[in-house]
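Asker: One structure, as structure tokens, below. Some questions next.
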Amino acid sequence: AAHRYQARHDERLVGDAPEVNLDRVVARKNRHVESFAAHRRSAVHSIAEGTGVEFVHGTGRFVDDRRVRIEPTDGSDAYEVDADYVVVATGSSVNVPDLDGLDGVDYLTSADVLDATELPESGVVMGFGYVGIELVPYLAEAGVDLTVIEHDERPLDGADPAFGDELLDLYREEWGVKILTETRERSVERTADGGVRLRVELGGDVVDY
330 AAHRYQARHD
340 ERLVGDAPEV
350 NLDRVVARKN
360 RHVESFAAHR
370 RSAVHSIAEG
380 TGVEFVHGTG
390 RFVDDRRVRI
400 EPTDGSDAYE
410 VDADYVVVAT
420 GSSVNVPDLD
430 GLDGVDYLTS
440 ADVLDATELP
450 ESGVVMGFGY
460 VGIELVPYLA
470 EAGVDLTVIE
480 HDERPLDGAD
490 PAFGDELLDL
500 YREEWGVKIL
510 TETRERSVER
520 TADGGVRLRV
530 ELGGDVVDY
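Per this note's numbering, the very first residue in the sequence shown carries number 330; after that it's consecutive.
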């Protein structure tokens with residue numbers, strides 16, 4: 330997507346911008362992820378070889394405020410560990426909103442988007458936080474006609490307003506994205522032609538997209 334964007338803006342190039350080959354994009358992404366994961370696993374095992382470090386393959390659960398029960402995957406007996414501090418670093422999972430009707434339609438999470446080798450002609454991005462900010466250019470360059478739902482007056486609401494306003498202008502001008510600010514999702518439903526209709530509250534009115 331970044332290469333396509335650059336090609337569209339490079340005055341040395343003429344003709345139509347190249348299309349994004351999602352099969353190749355996803356395959357390359359997977360290679361990078363697998364390589365990085367292997368590196369991280371190796372790094373963890375290297376740390377485990379240090380003094381005062383015990384590395385255990387298994388699952389853990391709290392049985393008290395500072396006591397963890399560990400069940401090793403090698404079949405050995407479970408045991409408990411007491412500690413002054415316990416760091417929980419299990420990674421993150423995708424947050425799916427509790428939206429009326431969402432269970433009855435096909436939707437893509439941010440993880441699904443990065444694994445998809447086929448994308449719809451149009452779509453709605455719910456949320457314009459850092460994940461949405463990163464995904465919108467990717468989807469737009471891949472040819473998806475997008476509408477973005479933002480709850481606040483602008484994205485990056487923790488920063489100076491000028492940054493969020495500039496971002497809105499940039500995305501609207503560069504990618505033709507329709508961004509609805511101060512908007513709330515109400516419900517979603519499947520349409521007769523197999524599409525999806527999102528109902529939102531905008532300026533006191535209920536509108537369908």
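Ideal Cβ positions, reconstructed from N, Cα and C, are used throughout, including at glycine.
1) Quick one: residues in its chain with C-beta nearer than 6 Å to the C-beta of E409, no 5 flanking neighbours on either side, listed in chain order?
2) How do the stretch 458 to 474 and the stretch 522 to 531 stand: do at least 3 beta-carbon pairs fall below 8 Å, yes or no?
3) Compare the Cα-Cα distances from E511 to each of W504, T520, G505 and L497 and report the closest residue.
4) Would the stretch 445 to 461 count as touching the stretch 475 to 485 if we require 3 or more Cβ pairs under 8 Å?
5) Which residues bound the alpha helix (DSSP H) around S422?
6) Would you report the Cα separation of G533 and G389, rounded to the nearest angstrom?
7) Would you grab the beta carbon distance between F457 and P490 for me? Rounded to a whole angstrom, and I think it's under 8 Å.
8) What span of residues does the alpha helix (DSSP H) with Y467 cover, start to end?
9) Quick one: is L464 buried, meaning 16 or more other Cβ sit within 10 Å of its Cβ, or exposed?
10) Nearest-angstrom Cα distance between A367 and H374?
11) Which of helix, strand or coil does DSSP assign to R341?
12) Between E530 and R519, is the Cβ-Cβ spacing less than 9 Å?
13) Could you spell out where the alpha helix (DSSP H) holding E530 opens and where it closes?
14) Applying the criterion that 16 or more other CB atoms from any shown protein chain within 10 Å of the CB defines a buried residue, is Y459 buried or exposed?
15) Tell me, please, which residues DSSP counts as bridged to I376.
16) Taking the alpha-carbon of A412 as reference, which of F391, N424 and P426 has the nearest alpha-carbon?
17) Can you name the start and end residues of the alpha helix (DSSP H) that G493 belongs to?
18) I need the DSSP call for L437, collapsed to helix, strand or coil.
19) Is V362 helix, strand or coil by DSSP?
20) What's the gap between the Cα of P401 and the Cα of E383?
21) With DSSP run on the structure shown, which of helix, strand or coil describes Y414?
Answerer: Working from what's here:
1) Here residue 409 refers to the residue found at position 80 of the sequence shown. If we look at E409 and ignore the five residues flanking it on each side, its Cβ neighbours are R396 and R398.
2) no
3) Position 182 of the sequence shown, counting from 1, holds the residue named residue 511. Looking at the Cα atoms, L497 is the closest of the given residues.
4) The stretch 445 to 461 vs the stretch 475 to 485: in contact.
5) By one-based count along the sequence shown, residue 422 stands at place 93. S422: not part of any alpha helix (DSSP H); DSSP gives it neither H nor E.
6) Sequence index remark: in the sequence shown, residue 533 carries index 204 (1-based). Sequence index remark: in the sequence shown, residue 389 carries index 60 (1-based). The alpha-carbon atoms of G533 and G389 are separated by roughly 48 Å.
7) On the sequence shown, position 128 is the one that residue 457 refers to. On the sequence shown, position 161 is the one that residue 490 refers to. With a Cβ gap of about 15 Å, F457 and P490 do not count as contacting.
8) As a working note, residue 467 is residue 138 in the sequence shown. Counting along the chain, the alpha helix (DSSP H) containing Y467 begins and ends at Y459 to E470.
9) Along the sequence shown, one-based indexing puts residue 464 at 135. Classification for L464: buried.
10) What you label residue 367 is simply residue 38 of the sequence shown in a count that begins at 1. What you label residue 374 is simply residue 45 of the sequence shown in a count that begins at 1. Approximately 11 Å, taken between the alpha carbons.
11) As a position in the sequence shown, residue 341 is number 12, starting the count at 1. R341 falls in the coil class under three-state DSSP.
12) Sequence index remark: in the sequence shown, residue 530 carries index 201 (1-based). Sequence index remark: in the sequence shown, residue 519 carries index 190 (1-based). In this structure, R519 does not lie closer than 9 Å to E530 by Cβ.
13) If you number the sequence shown from 1, residue 530 lands on position 201. Where E530 is concerned, there is no enclosing alpha helix (DSSP H), although the beta strand (DSSP E) it sits in stretches over V525 to L531.
14) The residue labelled residue 459 in the question sits at position 130 within the sequence shown. The residue in question, Y459, is exposed, as its Cβ has fewer than 16 Cβ neighbours within 10 Å.
15) Mapped onto the sequence shown, residue 376 falls at position 47. Paired residue(s): none; I376 is not in a bridge.
16) The residue labelled residue 412 in the question sits at position 83 within the sequence shown. For A412, the nearest C-alpha among the options comes from F391.
17) As a working mapping, residue 493 is identified with position 164 in the sequence shown. Looking at the DSSP string, the run of the alpha helix (DSSP H) that includes G493 is P490 to W504.
18) As a working mapping, residue 437 is identified with position 108 in the sequence shown. Three-state DSSP puts L437 in coil, outside helix and strand.
19) Within the sequence shown, numbered from 1, the residue matching residue 362 stands at position 33. Residue state, collapsed to three classes: helix.
20) As a first step, residue 401 must be located in the sequence shown, where it is residue number 72. As a first step, residue 383 must be located in the sequence shown, where it is residue number 54. Taking the straight line from one Cα to the other gives about 12 Å.
21) Taking the sequence shown and counting its residues from 1, the one referred to as residue 414 is at position 85. Three-state result, Y414: coil.
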